[in-house]
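S.K.: Mind having a look at this structure? Questions to follow.
2 protein chains.
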Amino acid sequence: MSQHRHPGAPGRAGAVPALPDLPEATVARLPEYLRALHNLAETGNETISSEGLANAAGVNSAKLRKDLSHLGSYGTRGVGYDVTLLIEQIEYVLGLTQRRAVALVGVGNLGHALAGYDGFAGRGFRIAALLDADPARVGEEINGLVVQHVEELPRVAAEESIAIGVIATPAAAAQRVADQLVAVGVTSILNFAPCVLSVPDGVDVRKVDLAIELQILSFHEHRKASLTALPAAGGSALTALPGGLAVTESQEAIGT
Amino acid sequence: MSQHRHPGAPGRAGAVPALPDLPEATVARLPEYLRALHNLAETGNETISSEGLANAAGVNSAKLRKDLSHLGSYGTRGVGYDVTLLIEQIEYVLGLTQRRAVALVGVGNLGHALAGYDGFAGRGFRIAALLDADPARVGEEINGLVVQHVEELPRVAAEESIAIGVIATPAAAAQRVADQLVAVGVTSILNFAPCVLSVPDGVDVRKVDLAIELQILSFHEHRKASLTALPAAGGSALTALPGGLAVTESQEAIGT
DNA sequence: AGGCGCTTGTGAACACGTGCACAAATCGCG
DNA sequence: CGCGATTTGTGCACGTGTTCACAAGCGCCT
Ligand SMILES: NC(=O)c1ccc[n+]([C@@H]2O[C@H](COP(=O)([O-])OP(=O)(O)OC[C@H]3O[C@@H](n4cnc5c(N)ncnc54)[C@H](O)[C@@H]3O)[C@@H](O)[C@H]2O)c1
Ligand SMILES: NC(=O)c1ccc[n+]([C@@H]2O[C@H](COP(=O)([O-])OP(=O)(O)OC[C@H]3O[C@@H](n4cnc5c(N)ncnc54)[C@H](O)[C@@H]3O)[C@@H](O)[C@H]2O)c1
Chain A
1 MSQHRHPGAP
11 GRAGAVPALP
21 DLPEATVARL
31 PEYLRALHNL
41 AETGNETISS
51 EGLANAAGVN
61 SAKLRKDLSH
71 LGSYGTRGVG
81 YDVTLLIEQI
91 EYVLGLTQRR
101 AVALVGVGNL
111 GHALAGYDGF
121 AGRGFRIAAL
131 LDADPARVGE
141 EINGLVVQHV
151 EELPRVAAEE
161 SIAIGVIATP
171 AAAAQRVADQ
181 LVAVGVTSIL
191 NFAPCVLSVP
201 DGVDVRKVDL
211 AIELQILSFH
221 EHRKASLTAL
231 PAAGGSALTA
241 LPGGLAVTES
251 QEAIGT
Chain B
1 MSQHRHPGAP
11 GRAGAVPALP
21 DLPEATVARL
31 PEYLRALHNL
41 AETGNETISS
51 EGLANAAGVN
61 SAKLRKDLSH
71 LGSYGTRGVG
81 YDVTLLIEQI
91 EYVLGLTQRR
101 AVALVGVGNL
111 GHALAGYDGF
121 AGRGFRIAAL
131 LDADPARVGE
141 EINGLVVQHV
151 EELPRVAAEE
161 SIAIGVIATP
171 AAAAQRVADQ
181 LVAVGVTSIL
191 NFAPCVLSVP
201 DGVDVRKVDL
211 AIELQILSFH
221 EHRKASLTAL
231 PAAGGSALTA
241 LPGGLAVTES
251 QEAIGT
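Just so you know, the sequences run in chain order A and B. So for the first sequence, full-length UniProt numbering puts the first residue at 1; every next one is plus one. So for the second sequence, full-length UniProt numbering puts the first residue at 1; every next one is plus one.
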């Protein structure tokens, strides 16, 4: 490797602020590394090897090294990675140097839990507004924030600079809310409603659907059960007879 | 294609109950198709083309066809897929023909929202037990279920046949809870605590970490911002000067 | 019966992600 | 100063996933 220029180090003189364009799979793992690194820092570690960090993050060490190499060359051969420096680098790349403002739309069952959660602050986010369409909910105070009516969104967006919108409304309302968010300039949406959103180009949507997660687990559960019932392939089983109890090797911790 | 034998049709005489082993990416999408199909069924559709279903599920139609082809050949050329039949097939493959029992451990902020959510029933799951370590919470009734002490887990598991364990405790307690779940025979875990769990082979873990989702969105937000600030590559910008406002093409709805 | 338009199922090329294995680099120590 | 122990960064081979493009199949209409 020749004279490396670190692509986007935080406080640098005339540095190019362009980001390396990381593989999507790498981006999805950086937050895991970051969490592990914060744990390590609290435990008093100053440096960490790729093996150690990979263990803490639950990934293969080669994969971790390749991921980190995309950010530049921040390790020291024979030693490992400087924990503090690496935290800074990852936070910079993820855009967490500024605390990003989040607007939460839909303060029902789930929305309450999110609004009351104090774990986001330590991960780079600040819930800046709570919005709901139900007049009965407007005015309610949660964690020091007052629920506002969703029609106030334009005003709220003008006051706070909203980076991310979170949708926790019923599915029927989600598309409408997404449109409203896009209309006020939000270009990143996290959607908890079980439906697909259509948004213009340039707007990113990620969804979290708990039922889907359970169904994926259910599939593997089903497969594991059918495997134990059928020890050998091509068997002439009439129906499900609980014969062999041999457990073939199965996999652990399947991908996110 | 030659004489197809459908690998695991529901009520079939001496059929082999083995599941086709699907690509993991396909498994992750089947639940989306299922949800879209249920919507279509409610809207009165009897058949649907791959194009139509792909739109409803938010994916490419070629990908959808390839996914479905892994289950067997359930479409009719020139016509499309029978909605009801396809629902049955997917539910069978996902193991949703039996309503699976879920044990929820940790009935705090988030656990309450999950316990009070009535959307799981329609997706194949039944919350069968609520468990917590806090004596003050034990005895509380949510949605007709009484919170029990986590040490009761062995008894609960013996009574109900728990298919999936959900962990909604603080991260510090999550590994211990996972061990307890594994000890009573649970082989599928959904983890909301921001930490990695180590489990024996044969146990599947999926995690949901909302902060990670936000951080991924933050990365794209950061990148979008740096792109608009830098219209051409290799520019000799001193610092971040808001010069060109050209928006390069960007992507929509990045993968889950 | 035959032809025509529509849709599935899939081969093949391509893109992306993973993991091994090792050279290059660094540190500590004699 | 040189050497061995250690750990990074990466070339390469492999596996997985995506997408195009089209032949084969189906139903309908004439
Ligand atoms: N609660 C859970 O554990 C859970 C689990 C999985 C998925 N979800 C999904 O998350 C979403 C929220 O679930 P919930 O249990 O909180 O539902 P909820 O009915 O308790 O809350 C929905 C809230 O959204 C508000 N709302 C409705 N339309 C709105 C609009 N147009 N603009 C703004 N606010 C609006 C309602 O007033 C209500 O306060 C649903 O889509 C649900 O399917 C929830
Ligand atoms: N609330 C949210 O919106 C949110 C968002 C993201 C992540 N999370 C994560 O979800 C988890 C739960 O969050 P929360 O806000 O509900 O926390 P919480 O503190 O409100 O609830 C945790 C519950 O777990 C119980 N508990 C503790 N140790 C236990 C044990 N050993 N066995 C059984 N129960 C035990 C506690 O008694 C409490 O009732 C945390 O790991 C949190 O980081 C929550």
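Idealized CB from N, CA, C, for every residue including glycine. Here the structure is a predicted model, which means the values were calculated and not measured.
1) With H, G and I counted as helix, E and B as strand and the rest as coil, what does DSSP make of residue 182 (chain B)?
2) Who are the near neighbours of residue 65 (chain A) in its chain, counting only those whose CB is closer than 6 angstroms to its CB and skipping five residues on each side?
3) Check each candidate in A:83, A:72 and A:58 and name the one with the smallest Cα separation from residue 43 (chain A).
4) Which residues does DSSP list as the beta-bridge partners of residue 209 (chain A)?
5) Bridge partners of residue 47 (chain A), per DSSP?
6) With C-beta atoms as the reference, is residue 205 (chain A) less than 7 angstroms away from residue 191 (chain A)?
7) With DSSP as the reference, label residue 27 (chain A) as helix, strand or coil.
8) When you compare each of B:180, B:37 and B:164 to residue 89 (chain B) by their alpha carbons, which one comes out closest?
9) Decide if residue 144 (chain B) is buried, meaning its Cβ has at least 16 other Cβ atoms within 10 Å, or exposed.
10) Only counting the same chain, and skipping five residues up and downstream in sequence, which positions put a Cβ closer than 8 angstroms to that of residue 70 (chain B)?
11) Could you tell me which chain A residues have their CB closer than 7 angstroms to the CB of residue 217 (chain B), listed as they occur along the chain?
12) Counting only runs of 3+ residues fully inside the UniProt domain "CoA-binding" (95 to 196) of chain B, write out the beta strand (DSSP E) ranges in chain order.
13) Any heavy atom of ligand 1 within a distance shorter than 6 angstroms of the CB on residue 169 (chain A)?
14) Quick check: the stretch 203 to 222 of chain A against the stretch 209 to 225 of chain B, are there 3 or more CB pairs under 8 angstroms?
15) Looking at the structure shown, is residue 233 (chain A) part of a helix, part of a strand, or coil, going by DSSP?
16) Is residue 52 (chain B) helix, strand or coil when you go by DSSP?
17) Counting only C-beta atoms, is residue 109 (chain A) closer than 7 angstroms to chain B at any point?
18) Quick check on residue 28 (chain A) - is its C-beta less than 7 angstroms from some C-beta in chain B?
19) For residue 104 (chain B) versus residue 130 (chain B), is the C-beta distance shorter than 7 angstroms?
20) To the nearest angstrom, how far is it from the Cα of residue 188 (chain B) to the Cα of residue 213 (chain A)?
21) Spell out whether any CB of chain B is found under 7 angstroms from the CB atom of residue 145 (chain A).
22) Are residue 157 (chain B) and residue 196 (chain B) touching if we call contact CB-CB under 7 angstroms?
23) Run through DSSP, which three-state label would residue 201 (chain A) get?
24) Leaving aside the five residues before and after residue 168 (chain A) along the sequence, list all residues of the same chain whose C-beta is less than 8 angstroms from its C-beta, in chain order.
25) Give the single residue among A:148, A:94, A:174 and A:151 whose Cα lies nearest to the Cα of residue 30 (chain A).
26) For residue 96 (chain B) and residue 228 (chain B), I'd like the C-alpha separation in whole angstroms.
27) Do residue 128 (chain B) and residue 160 (chain B) come within 7 angstroms of each other at the CB atom, strictly closer than that value?
28) Closest by CA to residue 279 (chain A), which one among A:166, A:172, A:174 and A:170?
29) Assuming contact is defined by CB atoms lying nearer than 7 angstroms, are residue 33 (chain A) and residue 57 (chain A) in contact in what I supplied?
30) Which word fits residue 91 (chain B), buried or exposed, when buried means at least 16 other C-beta atoms lie within 10 angstroms of its C-beta?
31) Under a CB-based cut-off of 7 angstroms, is residue 226 (chain B) close to chain A?
32) Name the DSSP beta bridge partners of residue 76 (chain A), please?
33) Between residue 211 (chain B) and chain A, is any beta-carbon pair separated by less than 7 angstroms?
34) Using a threshold of 6 angstroms, is the CB atom of residue 133 (chain B) nearer than that to any non-hydrogen atom of ligand 2?
35) Please confirm whether residue 220 (chain B) has its beta-carbon closer than 7 angstroms to some beta-carbon of chain A.
36) Please confirm whether residue 19 (chain A) has its beta-carbon closer than 7 angstroms to some beta-carbon of chain B.
M.R.: To lay it out plainly:
1) helix
2) Cβ within range, chain order: 50.
3) Sorting A:83, A:72 and A:58 by C-alpha distance to the C-alpha of residue 43 (chain A) places A:83 at the top.
4) BP columns for residue 209 (chain A) are empty, so no partner.
5) A:82
6) Closer than 7 angstroms, so yes.
7) helix
8) B:37
9) Under this definition residue 144 (chain B) is an exposed residue.
10) So the list reads 20, 22, 23 and 26, once near-sequence residues are dropped.
11) 164, 188, 190, 204 and 206
12) 100 to 105, 125 to 132, 145 to 149, 162 to 167 and 188 to 191
13) For ligand 1, a non-hydrogen atom lies closer than 6 angstroms to the CB of residue 169 (chain A).
14) yes
15) With a pLDDT of 45 at residue 233 (chain A), under the threshold of 50, the predicted position of this residue should be treated as unreliable, and no value is reported.
16) helix
17) Residue-level contact check: residue 109 (chain A) touches chain B, since one or more beta carbons of chain B fall below 7 angstroms from its beta carbon.
18) Answer yes: the Cβ-Cβ gap between residue 28 (chain A) and chain B drops below 7 angstroms somewhere.
19) yes
20) Distance between the alpha carbons of residue 188 (chain B) and residue 213 (chain A): 11 angstroms.
21) no
22) no
23) coil
24) 104, 105, 106, 107, 108, 110, 111, 114, 192 and 193
25) A:94
26) 47 angstroms
27) yes
28) Nothing about residue 279 (chain A) can be read from this structure; chain A reaches only from 1 to 256.
29) yes
30) Residue environment for residue 91 (chain B): buried (at least 16 other C-beta atoms within 10 angstroms of its C-beta).
31) Yes - at least one Cβ of chain A is within 7 angstroms of the one on residue 226 (chain B).
32) A:80
33) yes
34) yes
35) yes
36) yes
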